[in-house]
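Residues 4 to 242 in the working numbering are what the sequence shown lists, from first letter to last.
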Amino acid sequence: MLIIPAIDIQDGCVVRFVQGRLDKKIYSHSPLKIAKHWTRQGAKMLHIIDLDGAFTGKQKNLEIVKEIVKNIDIPVQFGGGIRKLETIKTLLKSGFYRVILGTKAVTDKVFLKKALTKFKDRIIIGIDAKDKDVLIKGWKASDKKTDIIAYGSSLKNLGANEIIYTDALKDGTLSGPNMKGVKELLKKTGLNIIASGGISCLGDLRRLKNLEKLGLTGIIVGKALYEGRFTLSEALKIA
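See the structure below:
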């Protein structure tokens with residue numbers, strides 16, 4: 004099971020939000036410095052999101068992230084406003100390990116099918132949810148026609164093997180993960196899942212690790228690491 008540090012970038016800074024929009028806090032003005040720090044601490048992968056891209060559909064921090072990829076030697080999964088097949092191709096050629104699709108995967112099934120067919124496991128779908136609804140457009144809207152279980156099952160049928168599941172109500176709150184939601188998605192879709200949202204302590208990691216046998220493959224950790232609730236090395240020992 005992977006422990007994956009999150010680096011969310013807005014206006015060139017490393018930030019964390021609460022539930023996607025509230026109480027933004029800046030943790031660093033140097034995303035590259037943070038990426039190198041997590042690499043030195045033993046991270047095996049980084050999860051980087053261009054929040055400006057997620058909110059607007061246009062990557063604003065791409066050059067910063069490309070610089071990270073050039074200067075570290077671990078895989079980077081990257082997302083935030085990616086809407087075109089050509090963008091995916093360019094990102095993968097630039098050295099990104101895989102590309103995260105969110106809004107476009109929900110709203111354009113033809114695009115999604117083409118992306119999964121062309122790029123296969125170099126694509127990973129992010130399911131961002133509030134209750135049972137799938138969120139889109141940087142969590143500013145929800146696709147109420149799309150139930151997360153039905154959506155997950157459809158991704159499995161299209162050939163996806165692994166997804167990122169984020170509970171938006173938990174994200175940045177340090178209130179613990181949505182264990183019920185993760186478990187239900189694992190059991191009902193048959194997908195491998197990287198869980199995200201709400202991690203607050205090492206106990207949360209231990210509880211999620213118990214879901215490995217159901218297909219939990221990783222945990223994305225953000226605020227808990229930045230706030231010093233535990234160290235990455237402590238988390239890696241559990242994983």
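Beta carbons are placed, not taken as given, at the ideal position from N, Cα and C, and that holds for glycine.
task = Identify whether residue 57 lies in helix, strand or coil by the three-state DSSP scheme.
result = helix
inquiry  = Quick test of your reading: residue 55 and residue 14, contact by CB under 8 angstroms. State the CB separation rounded to the nearest angstrom.
reply    = 7 angstroms
query = Exposed or buried, residue 43, counting other C-beta atoms within 10 Å across all chains shown (16 or more means buried)?
reply = exposed
query = Got a sec? Which residues, its chain only, sit under 8 angstroms from residue 120 by beta carbon, not counting five neighbours each side?
reply = Only 162 meet the Cβ criterion.
query = Do residue 91 and residue 57 have their CB atoms nearer than 8 angstroms?
reply = no
query = Given residue 245, which residues of its chain have a CB within under 7 angstroms of its CB, disregarding the five upstream and five downstream residues?
reply = Any answer about residue 245 is impossible in this case: the structure gives the chain only from 4 up to 242.
message = What residue range does the alpha helix (DSSP H) around residue 276 cover?
response = Missing from the structure shown is residue 276; the chain here goes from 4 to 242 and no further.
message = Does residue 50 pass the burial test, meaning 16 or more other C-beta atoms within 10 Å, or should it be called exposed?
response = buried
ask   = Should the segment 156-172 be called in touch with the segment 195-209, which here means at least 3 C-beta pairs below 8 angstroms?
value = yes
message = So the candidates are 65, 27, 8 and 64; which of them puts its Cα closest to the Cα of residue 244?
response = Residue 244 lies beyond the stretch modelled for the chain, which goes from 4 to 242, so this question has no answer here.
ask   = Which residue spans inside the segment 33-79 form an unbroken beta strand (DSSP E) run of at least 3?
value = Restricting attention to beta strand (DSSP E) runs no shorter than 3 residues, the segment 33-79 encloses them at 49-53, ordered along the chain.
query = Where does residue 20 sit, in a helix, a strand or coil, going by DSSP?
reply = strand
query = Just how far apart, CA to CA, sit residue 78 and residue 87?
reply = 22 angstroms
key: Helix, strand or coil at residue 101 [DSSP, three-state]   = Residue 101: strand per DSSP, three-state reduction.
query = Could you give the distance in angstroms between the alpha-carbon of residue 66 and the alpha-carbon of residue 35?
reply = 11 angstroms
key: Short Cβ contact (8 angstroms threshold) for residue 166 with residue 205   = For residue 166 and residue 205, no; Cβs fall outside 8 angstroms.
inquiry  = In this structure, how does DSSP classify residue 195 when only helix, strand and coil are distinguished?
reply    = In the structure shown, residue 195 sits in a strand (DSSP, three-state: E or B).
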